[in-house]
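Student: Each number in our numbering corresponds to the 1-based position in the sequence shown with 3 added. Here it is: the structure, laid out below.
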Amino acid sequence: RLGTADLEPGVEVGVARETSAWRYRVAGYRRLATFDRTSSALGLGASLSALLLGRDEADYLRATGAELAARPLRFGRWEQAWRLFAEHQHPVSRETDITLPRAWRDGPVFREVLPADRADQVGAALTLRTVRGESALGSRWTAGTELEAQAGSFRFGRASALAGLAAPIPFGLVGSLEGAVGTSAGTVPVQGLWYLGGPGSVRGYPGATAAGKSFWRARGEVATRGPGARLATFMDAGWAGERSEWGSADPSLLAAGVGASFLDGLIRADLARALRGRTGWRLDVYLDAAL
4 RLGTADLEPG
14 VEVGVARETS
24 AWRYRVAGYR
34 RLATFDRTSS
44 ALGLGASLSA
54 LLLGRDEADY
64 LRATGAELAA
74 RPLRFGRWEQ
84 AWRLFAEHQH
94 PVSRETDITL
104 PRAWRDGPVF
114 REVLPADRAD
124 QVGAALTLRT
134 VRGESALGSR
144 WTAGTELEAQ
154 AGSFRFGRAS
164 ALAGLAAPIP
174 FGLVGSLEGA
184 VGTSAGTVPV
194 QGLWYLGGPG
204 SVRGYPGATA
214 AGKSFWRARG
224 EVATRGPGAR
234 LATFMDAGWA
244 GERSEWGSAD
254 PSLLAAGVGA
264 SFLDGLIRAD
274 LARALRGRTG
284 WRLDVYLDAA
294 L
């Protein structure tokens, strides 16, 4: 692959093997990666948001290395995946401002990418996740955790947990709650910090508005019932900073707004107002956004 903006080549060569229960894959790569490796910033939804609205909430680095990854072929009560890796990480810069709004006027310019720390790292990561109650109109709860440890130029560990619940409430509505916490220990590089801001964490704010070694965030929503189309009102809050400040941490980010989703959250539009810090209105349109 060749990047159209920076003309940087991306290469990945891998071999996969399947057993009766697991799929293993070993690969060598030179790839563009996000600070948050679990984000969907390199997917179709983020690409459309960048093209149509001039929005890109993610930060990136260039990773060159090798990995061994595994995931089960049949999931039980918990979906799980793990990864072992050794890689060189170095910063990248944004090389394009091409968006549709800029085609006919001075539209928004992408924010600059945070410069990653140069590092040679080896590490291991584990992800666990479960979803129960798949019905779009019934109750559903989700839970998950992510654990990661790295050594090399920087020695640190990270852990996070997430839980969510969606259930019918009176007056033909559906209520949703989601909360997440995370912390880290050791010497953490820029790309290993926790970041808040954007539709995936706290709506109403651009990406990386808040950052730190620890974080918490909460999201609540009340929506009309129906898988085809829903109208919703929501509130988001979050904080990121030093772990020592955790006990006295009021939300540094707070936002409220209204939204509409279609096809059970496949397509989503949110109009949110930031209520703390840099206040103002913000519109986000994105894909695959069921709370």
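All C-beta atoms in this analysis are idealised placements derived from N, C-alpha and C, irrespective of residue type, glycine included.
1. Whole angstroms are fine: how far does the CA of Ser-204 sit from the CA of Ala-243?
2. Short of 6 Å in beta carbon distance, which residues of its chain neighbour Phe-157, apart from the five on each side in sequence? Order them along the chain.
3. Check each candidate in Asp-120, Leu-87, Gly-268 and name the one with the smallest Cα separation from Glu-151.
4. Output the residue ranges of the alpha helix (DSSP H) runs that lie fully inside the segment 243-272 and measure 4 residues or longer, sorted by chain position.
5. To the nearest angstrom, report how far apart Phe-38 and Val-95 are at their CA atoms.
6. Using only the alpha-carbon positions, how far apart do Arg-26 and Glu-181 sit?
7. Mind checking who Trp-25 pairs with in its DSSP beta bridge?
8. I think Trp-85 touches Ala-73, with their Cβ atoms under 8 Å apart; what is that distance to the nearest whole Å?
9. When DSSP labels each residue in this structure, what does Gly-283 get in the three-state scheme?
10. Bridge partners for Ser-217 per DSSP, in chain order?
11. Secondary structure at Val-191, three-state DSSP: helix, strand or coil?
12. Give a yes or no on whether the C-beta atoms belonging to Gly-13 and Ala-30 are separated by under 8 Å.
13. Under a three-way DSSP split, which group does Pro-12 fall into?
14. For Pro-173, list the residues DSSP reports as bridge partners.
15. Quick one: residues in its chain with C-beta nearer than 6 Å to the C-beta of Thr-148, no 5 flanking neighbours on either side, listed in chain order?
Tutor: Put simply:
1. C-alpha separation (whole angstroms): 11 Å.
2. These residues qualify, in order along the chain: Ala-122, Thr-190, Pro-192.
3. Check the Cα spacing between Glu-151 and each of Asp-120, Leu-87, Gly-268: the tightest is with Leu-87.
4. Along the segment 243-272, the alpha helix (DSSP H) does not occur as any fully enclosed run of 4 or more residues.
5. Rounded to whole angstroms, the separation of the alpha carbons of Val-95 and Phe-38 is 12 Å.
6. So the two alpha carbons sit approximately 31 Å from each other.
7. In the DSSP secondary-structure assignment, Trp-25 is bridged to Pro-75.
8. Right, the Cβ-Cβ distance comes to about 6 Å (below 8 Å), so this counts as a contact.
9. For Gly-283, the secondary structure class from DSSP, reduced to helix, strand or coil, is strand.
10. In the DSSP assignment, Ser-217 is bridged to Gly-244.
11. Coil, per DSSP.
12. Cβ atoms of Gly-13 and Ala-30: not closer than 8 Å.
13. Here Pro-12 sits in strand by DSSP.
14. Listed as beta-bridge partners of Pro-173 by DSSP are no residues whatsoever.
15. Taken in chain order, the residues that qualify are Leu-131, Ala-164.
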